[in-house]
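Chemist: Read left to right, the sequence shown gives residues 1 to 327 (UniProt numbering).
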Amino acid sequence: MKKNPTPHDATFRQFLTQPEIARDFMDIHLPAELRAICDLSTLKLESGSFVEDDLRQYFSDVLYSLKTNDGADGYVHVLIEHQSSPDKHMAFRLIRYAVAAMQRHLDAGHKTLPLVIPVLFYTGKRSPYPYSTNWLQEFDDPTLAGKLYTGDFPLVDVTVIPDEEIMGHRSMAALTLLQKHIRQRDLAELTDRLSAILLAGYLSSPQVISLIHYIIQAGESANAEAFVRELAQRVPQHEDELMTIAQQLEQKGIEKGIEKGIEQGIQKGIEQGIQKGIQLGEQRGIEKGEREASLKIARTMLANGLDRDAVMKMTGLTADDLAQIRH
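Listed below in structure tokens is the structure:
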């Protein structure tokens, strides 16, 4: 059920949803450095709210889009806090709402992230506002958090890690090696390396089975069965499980072959049936044409007074055929 807006929310929106009032608000309250890059003449009120439904009695927000002075897209998100006790995690909340605005911008078809300026409009009882508006200060180690969230994230690019290096990745080696080469048509080239990894004993039988199923489902190998059988021979501690999978693949291949054979047989039968039907149709057409010609000749002969027996002998028609001519 939709909740009725609070007096705070209604009043806040009545004012801040007016572009001319919002323009004054931003002109007065945005930090000079940010104000300098914003073209406030391009302010446009955007629909919707990022505040969760169950928090509307405590917070209200408005979102304006604008252009920066260099023509880029930007937003100003203004949040007003109605509750008497300020939210200790408000800085984090503002970041979450800013990210939500960025996501909506991307969902609308834009290719790059926009600048979203979060602004908190505080009216609480405690004065001045008691918490930092820098969300990184909410971490136990703000300095470390700053390095993490303002720098490049860690990247594990398996496509550039040499196979020899992957071989030393212990329990991650098999998974990494397979995911690096999963699109390879001939997995036989990996047999030596993968066998050595499995022989090292880092993985349990269920984990090995999971990897093999991954190869079958996601891989592009033309002969997964032969690959699995070769592994079974080289890795005795997992031989039973691998041979079971190989046999299942073999049986599946047989069933698929039978099914394909049946389909091809049916198709061939249909084609042969069509061809035979065409031939029969042609033959019947010829026979019908010959009969009609004979009847026409017989009709002419009879009209000229030839004897019926002579007409039957010359045309090959029967007495019944001649009777039809007379009718």
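Just so you know, even glycine gets a beta-carbon here, dropped at the ideal spot from N, CA and C.
Does the separation of the CB atoms of residue 216 and residue 226 fall below 8 Å?
Modeler: Result no, Cβ atoms of residue 216 and residue 226 do not sit closer than 8 Å.
Chemist: Taking only three categories from DSSP, how would you classify residue 2?
Modeler: At residue 2 the pLDDT is 47, less than 50, meaning the model places this residue with poor confidence; the figure from the coordinates comes in the next sentence. Reduced to three states, the DSSP call for residue 2 is coil.
Chemist: Are the CB atoms of residue 40 and residue 23 nearer to each other than 8 Å?
Modeler: yes
Chemist: If distances are taken between C-alpha atoms only, which option among 233, 29, 46 and 124 comes closest to residue 108?
Modeler: 46
Chemist: Pick from 142, 68 and 13: whose alpha carbon is nearest that of residue 330?
Modeler: Nothing can be reported for residue 330: it is not among the residues displayed for the chain, which extend from 1 to 327.
Chemist: Express the C-alpha separation of residue 210 and residue 92 in angstroms, rounding to a whole number.
Modeler: 40 Å
Chemist: With a cut-off of 8 Å on the beta carbons, I'd call residue 235 and residue 195 a contact; round off their distance for me.
Modeler: Going by Cβ atoms, the distance from residue 235 to residue 195 rounds to 6 Å, so yes, they are a contact pair.
Chemist: Using the DSSP secondary-structure output, state which residues sit across from residue 73 in a beta bridge.
Modeler: According to DSSP, residue 73 bridges with 67.
Chemist: What are the start and end residues of the beta strand (DSSP E) that includes residue 44?
Modeler: 38-46
Chemist: Could you name the residues of the same chain whose beta carbon sits closer than 7 Å to that of residue 219, not counting the 5 residues immediately before and after it, in chain order?
Modeler: 182 and 187
Chemist: Answer with buried or exposed for residue 286, where buried requires no fewer than 16 other C-beta atoms within 10 angstroms of its C-beta.
Modeler: exposed
Chemist: Would you mind sorting residue 315 into buried or exposed? The rule is 16 or more other CB atoms within 10 Å of its CB.
Modeler: Counting the other Cβ atoms within 10 Å of the Cβ of residue 315 gives 16 or more, which makes it buried.
Chemist: With DSSP as the reference, identify every bridge partner of residue 79, one or two as the case may be.
Modeler: Beta-bridge pairing by DSSP links residue 79 to 61 and 120.
Chemist: From what residue to what residue does the alpha helix (DSSP H) around residue 345 run?
Modeler: The structure shown does not extend to residue 345, since the chain is modelled only from 1 through 327, so no value can be given for it.
Chemist: Does the contact criterion of 3 or more C-beta pairs under 8 Å hold for the region 150-165 versus the region 112-125?
Modeler: no
Chemist: Along the alpha helix (DSSP H) that carries residue 142, what are the first and last residues, could you check?
Modeler: 142-150
Chemist: Let's see if you can read the secondary structure: which residues bound the alpha helix (DSSP H) around residue 87?
Modeler: Careful: residue 87 lies outside any alpha helix (DSSP H) and carries neither H nor E.
Chemist: Taking the alpha helix (DSSP H) that residue 181 falls in, what are its first and last residues?
Modeler: 173-181
Chemist: If I follow the unbroken alpha helix (DSSP H) through residue 34, where does it start and stop?
Modeler: Looking at the DSSP string, the run of the alpha helix (DSSP H) that includes residue 34 is 32-35.
Chemist: Taking the alpha-carbon positions, what's the residue 205 to residue 161 distance?
Modeler: 26 Å
Chemist: Under a three-way DSSP split, which group does residue 115 fall into?
Modeler: strand
Chemist: State buried or exposed for residue 197, treating a residue as buried only when at least 16 other CB atoms are found within 10 Å of its CB.
Modeler: buried
Chemist: On a Cα-Cα basis, can you pick out the residue from 278, 54 and 200 that is closest to residue 238?
Modeler: 200
Chemist: Ignoring anything shorter than 4 residues or poking outside the region 215-254, list the alpha helix (DSSP H) runs there in chain order.
Modeler: Correct list: 224-234.
Chemist: Applying the 10 Å Cβ sphere with the 16-neighbour rule, what's the burial state of residue 56?
Modeler: buried
Chemist: Since residue 85 and residue 73 are thought to touch, with beta carbons under 8 Å apart, how far apart are those beta carbons, to the nearest angstrom?
Modeler: About 36 Å; that fails the 8 Å criterion.
Chemist: Taking just the CA atoms, how far does residue 100 sit from residue 213?
Modeler: 38 Å
Chemist: Buried or exposed for residue 306, please, with buried defined as at least 16 other CB atoms from any protein chain shown within 10 angstroms of its CB.
Modeler: exposed
Chemist: Can you tell me the Cβ-Cβ gap for residue 63 and residue 120, rounded? I've got them flagged as a contact below 8 Å.
Modeler: Incorrect: roughly 14 Å between the Cβ atoms, too far for contact.
Chemist: To the nearest angstrom, how far is the alpha carbon of residue 189 from that of residue 173?
Modeler: 16 Å
Chemist: With 16 other CB atoms within 10 Å as the buried threshold, where does residue 303 fall?
Modeler: exposed
Chemist: Taking Cβ positions, are residue 139 and residue 145 nearer each other than 8 Å?
Modeler: yes
Chemist: Helix, strand or coil for residue 210 per DSSP?
Modeler: DSSP, read as helix, strand or coil, puts residue 210 in helix.
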